[in-house]
Amino acid sequence: MGPPLPPAFSLIGPLGHPHKLPEKPPRIVVELFQDLCCPFSRKMHTTLQEVVPAYEASHPGAIQWLYCNVIQPWHPQSAVMHEACMAVAAVKPEAVWKFCSAVYDQQENFFDDKVRSKSANTLHDELCTIAAEAGTPGARSRSWSNGTPRCTG
Numbered sequence: 002m003g004p005p006l007p008p009a010f011s012l013i014g015p016l017g018h019p020h021k022l023p024e025k026p027p028r029i030v031v032e033l034f035q036d037l038c039c040p041f042s043r044k045m046h047t048t049l050q051e052v053v054p055a056y057e058a059s060h061p062g063a064i065q066w067l068y069c070n071v072i073q074p075w076h077p078q079s080a081v082m083h084e085a086c087m088a089v090a091a092v093k094p095e096a097v098w099k100f101c102s103a104v105y106d107q108q109e110n111f112f113d114d115k116v117r118s119k120s121a122n123t124l125h126d127e128l129c130t131i132a133a134e135a136g137t138p139g140a141r142s143r144s145w146s147n148g149t150p151r152c153t154g
């Protein structure tokens, strides 16, 4: 069991990126632990793209779908991919799922054999381009803030 969350986090509820911001507290919260570099997570995400709208239509406001970042440490690029996801969440939280869909569509470009000779900066630039194409405003280039990469305008 991990360390307890700080009190501020316990007030906001589960951690993760919501599919849609709820208008009221949902009755059910489904936390989806996925890695942007994992082919099985991609399968789950693709299925959810079909399933979530049907459940939201039949149970409006009752279910909250949360994407939770899970970094696979044996794929170093996974950390970079999830940093980009969090940068998107900081700029436009409602765009995270669309960004994840766009990354999953190009996932093969981020497999080990394709990124072995790329730097983290190059990966950040590629992911910022994907973020911009997925509709995150201002996510066209990479800058550094406190040592952390951010997609900015």
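Just so you know, we're using our numbering here: the sequence shown kicks off at 2 and counts up by one. We put the beta carbon where it would ideally sit given N, CA and C, even for glycine. Model, not experiment: these values are computed from the prediction.
Between residue i and residue j, what straight-line distance do the alpha-carbon atoms span, to the nearest angstrom?
i, j, result
"H18", "C101", "11 Å"
"E103", "F112", "It is worth fixing the name first, because residue 103 is Ala in this sequence and not Glu. About 15 Å."
"P77", "V30", "30 Å"
"P74", "A88", "19 Å"
"N122", "K99", "23 Å"
"S118", "S59", "47 Å"
"A55", "L124", "35 Å"
"D114", "Q108", "12 Å"
"G136", "P94", "12 Å"
"M45", "L33", "9 Å"
Helix or strand or just coil, what does DSSP make of residue i?
i, result
"W98", "helix"
"K115", "helix"
"I13", "Residue confidence is low: I13 scores 45 on pLDDT, short of 50, so the model does not pin down where it sits. Its coordinate-derived value is still stated next. Looking at I13 - three-state DSSP - the assignment turns out to be helix."
"Q73", "coil"
"T48", "helix"
"C38", "coil"
"E24", "coil"
"P54", "helix"
"Q78", "helix"
"Q108", "helix"
"H60", "coil"
How would you call residue i, buried or exposed, if buried means at least 16 neighbouring beta carbons within 10 angstroms?
i, result
"C38", "buried"
"N70", "buried"
"E127", "buried"
"R28", "exposed"
"S120", "exposed"
"A96", "buried"
Taking 7 Å as the cut-off, is the C-beta of residue i nearer than that to any heavy atom in the ligand ZN?
i, result
"L49", "The ligand content of the structure shown is nil, which means the ligand ZN is not present either."
Between which two residues does the beta strand (DSSP E) harbouring residue i extend?
i, result
"N70", "I64 to N70"
"F34", "I29 to Q35"
Bridge partners for residue i per DSSP, in chain order?
i, result
"H18", "Y68"
In terms of residue numbering, what span does the alpha helix (DSSP H) encompassing residue i cover?
i, result
"H125", "A121 to E134"
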